[in-house]
Amino acid sequence: MAFLKRLGFFIFGLSIGLVFLTIFLKKKSQETGTEFCYFPNCRTLKDIRSKQISYSDAIVQLIQQKDLDSTDINGFLYNGDVDFGMSETKTKPCKTYYIEGMVKDKSAILKVKNCSEKAVIESVAF
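Residue numbers (numbering that gives the first Met the number 0): 0 to 125.
This is the structure we're talking about:
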């Protein structure tokens with residue numbers, strides 16, 4: 000059998016396998032509610048979301064003034080971009096992350112202190 004013919008069969012079989020694998024994993028992730036995070040940004044945000052979240056006094060004040068609400072903070076934790084250059088990822092016991100996102104059509108940066116047991120939302124800079 001010629002090399003090009005074998006290569007064609009291999010690529011055809013590989014593409015069919017990838018299609019079935021994609022459909023299977025997508026269905027599995029929708030049923031169980033799991034998501035596959037492999038990039039650092041996704042893994043960091045997922046780690047923060049999995050913990051108990053508490054707010055600093057400055058954030059509570061912004062929520063009471065209706066400048067910010069919990070859906071805005073959830074938007075940061077699902078769709079935000081972690082700025083690893085500004086973040087302090089080596090500090091112990093809590094790491095500090097800066098998450099960039101949009102709040103009411105304005106660019107904002109959320110400061111989050113991620114400890115082992117809980118995450119504290121410290122401040123928002125517009």
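Note that CB positions come from ideal geometry on N, CA and C, so glycine has one too.
Going by DSSP, what residues sit across from residue i in a beta bridge?
| i | result |
| --- | --- |
| V81 | I98 |
| S106 | M101 |
| A124 | I108 |
| Y54 | I120 |
Can you grab the Cα-Cα spacing for the pair residue i / residue j, in whole Å?
| i | j | result |
| --- | --- | --- |
| L17 | K26 | 14 Å |
| S106 | R5 | 53 Å |
| F23 | F8 | 23 Å |
| T90 | V119 | 15 Å |
| S53 | F11 | 52 Å |
| Q64 | N40 | 30 Å |
| I108 | L3 | 53 Å |
| S55 | G84 | 23 Å |
| D80 | V123 | 14 Å |
| N140 | T21 | With the chain represented from 0 up to 125, any question about residue 140 goes unanswered, as that position is not in the structure. |
If residue i and residue j are in contact, beta carbons under 8 Å, what's the gap, nearest whole angstrom?
| i | j | result |
| --- | --- | --- |
| D82 | E99 | 6 Å |
Between residue i and chain D, is there a C-beta pair that is closer than 9 Å?
| i | result |
| --- | --- |
| F8 | In the structure shown, chain D cannot be found, because there is only a single protein chain. |
Judging by CA-CA distance, which residue of the options is the nearest neighbour of residue i?
| i | options | result |
| --- | --- | --- |
| Y77 | L3, A1, I15 and V102 | V102 |
| D104 | T95, S86, F125 and K94 | F125 |
| C93 | L20, I62, F75 and E121 | E121 |
Checklist entry - So, do the stretch 110-118 and the stretch 46-63 have three or more beta carbon pairs nearer to each other than 8 Å? => result yes
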